[in-house]
Amino acid sequence: MSPKLLPVYLLLICQVQLLADAPANETAILWGTVSPSGTYALAVPRTISEPTDGDKATANGKPGTQLSIVNLQTNEPVLDFSGFEARDFVQLGPADASSTHSFSAWAPQEDHLLVINVLDPLACLQIDLPDGQVRNVGSTLVAAATRIANGSIRKPSASARSPHLSIFDAHFISSHECYLSVNVDSGSAARRVDLYFQINASGNSLVFERSEPYPNSSQPLGASILTSRKVERLYQTLRGVVNQDDRRLLTMEQQSWLGSHELLDNYEERVAFAQMRIAELRQRLKEALQKKSTE
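Start counting the sequence shown at 394; every next residue gets the next number (the working numbering).
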């Protein structure tokens with residue numbers, strides 16, 4: 394097995410063991426969904442029953458597993474919702490595996506959360522944690538991407554061709570603004586774009602703001618942006634594996650790293666600085682998963 398794929402393999406084995414071996418009245422944390430402070434994460438019942446006709450369905454019509462947002466400090470559920478299958482949450486792999494089905498993006502203050510379905514953008518959810526609101530925002534995402542694919546800033550017409558879309562990354566850049574990195578295949582051409590949205594807190598909805606070209610990894614600025622995103626995602630994944638005390642330390646460590654990263658004026662230096670941290674985090678994640686798989 395390729396050394397790059399070993400962390401992904403261990404991550405999946407660890408998740409399967411947690412779901413299979415634990416008591417039925419407990420929940421299993423879904424890796425890669427832990428909030429920035431390490432306080433919250435998505436969780437699923439460790440024992441998943443077969444779906445019945447009365448179960449809530451996902452946006453694509455398949456039976457949905459009941460998920461919870463759990464307070465990791467108290468192990469108590471904060472909000473229950475449905476709309477995704479637990480098996481959708483194949484991890485955003487530390488080796489940048491392309492098999493991810495779903496992942497999450499948290500606002501800095503942890504009051505908003507996007508739950509992203511990579512292959513089915515129509516199934517994406519926005520969650521307002523303080524108000525306990527869960528809203529499907531997939532149609533907003535698809536409409537914005539379709540507009541970009543058809544080269545129009547207006548709403549797509551009824552005759553506009555629907556492009557093939559897949560979401561492969563998402564981040565909040567403030568409490569009320571986020572972006573999603575989308576691969577848009579219109580048939581004649583495929584390209585990646587970052588779609589920016591404002592969070593309408595009162596209606597718990599997304600409002601399309603603008604699109605930006607996806608960062609070019611061959612240019613210093615683009616490479617700096619992309620490596621920083623990898624660092625952020627690796628920290629999120631690692632927080633899902635370690636214990637509560639280590640989560641707090643990781644959060645402080647990440648904040649310190651970000652401060653040092655921003656002090657570098659040269660983009661090439663930022664890339665090198667981030668690549669060093671990426672290698673360190675991947676090694677720590679590999680070791681943490683190996684340890685967890687033997688517990």
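From the three backbone atoms N, C-alpha and C, an ideal C-beta is built for every residue, glycine too.
query: Quick one: is Val463 buried, meaning 16 or more other Cβ sit within 10 Å of its Cβ, or exposed?; result: buried
query: Taking the alpha carbon of Leu583 as the reference point, which residue from Val600, Leu573, Phe601, Ser559 has its own alpha carbon closest?; result: The sequence given here places Ala at residue 583; Leu does not occur at that position. Closest by alpha carbon: Ser559.
query: How long is the line joining the alpha carbons of Pro429 and Ala498, rounded to whole angstroms?; result: 9 Å
query: By alpha-carbon positions, which one of Lys623, Glu662, Asp639, Lys685 ends up nearest to Ile671?; result: Lys623
query: Just reading off the beta strand (DSSP E) that Asp578 is part of, what are its end residues?; result: 570-578
query: State the beta-bridge partners of Ile509 as determined by DSSP.; result: Phe496
query: By alpha-carbon positions, which one of Ala667, Ser475, Gly431, Ala542 ends up nearest to Gly615?; result: Ala667
query: By the three-class DSSP mapping on this structure, what secondary structure does Ser475 have?; result: strand
query: With a threshold of 8 Å on Cβ separation, who are the neighbours of Tyr660 within its own chain once the five nearest residues in sequence on each side are excluded?; result: Pro613, Leu614, Ala616, Ser617
query: Pull up the DSSP beta-bridge partners for Leu460, would you.; result: Phe474
query: Run through the DSSP bridge pairs and tell me what Pro606 is partnered with.; result: Val586
query: Alpha carbon to alpha carbon, what distance is there between Gly652 and Arg540?; result: 37 Å
query: Using 8 Å as the cut-off, can you tell me whether the region 421-435 makes contact with the region 459-474, which would need three or more C-beta pairs spanning the two stretches below that distance?; result: yes
query: Just to check my reading of the structure: Leu627 and Ser604 have Cβ atoms closer than 8 Å, yes? What is that Cβ distance to the nearest angstrom?; result: So it is not a contact: roughly 26 Å between Cβ atoms.
query: Which value, in whole angstroms, describes the spacing of the CA atoms of Ser611 and Val664?; result: 11 Å
query: Is the number of C-beta pairs between the region 500-511 and the region 522-535 that are closer than 8 Å three or more?; result: yes
query: Are the CB atoms of Leu518 and Val508 nearer to each other than 8 Å?; result: yes
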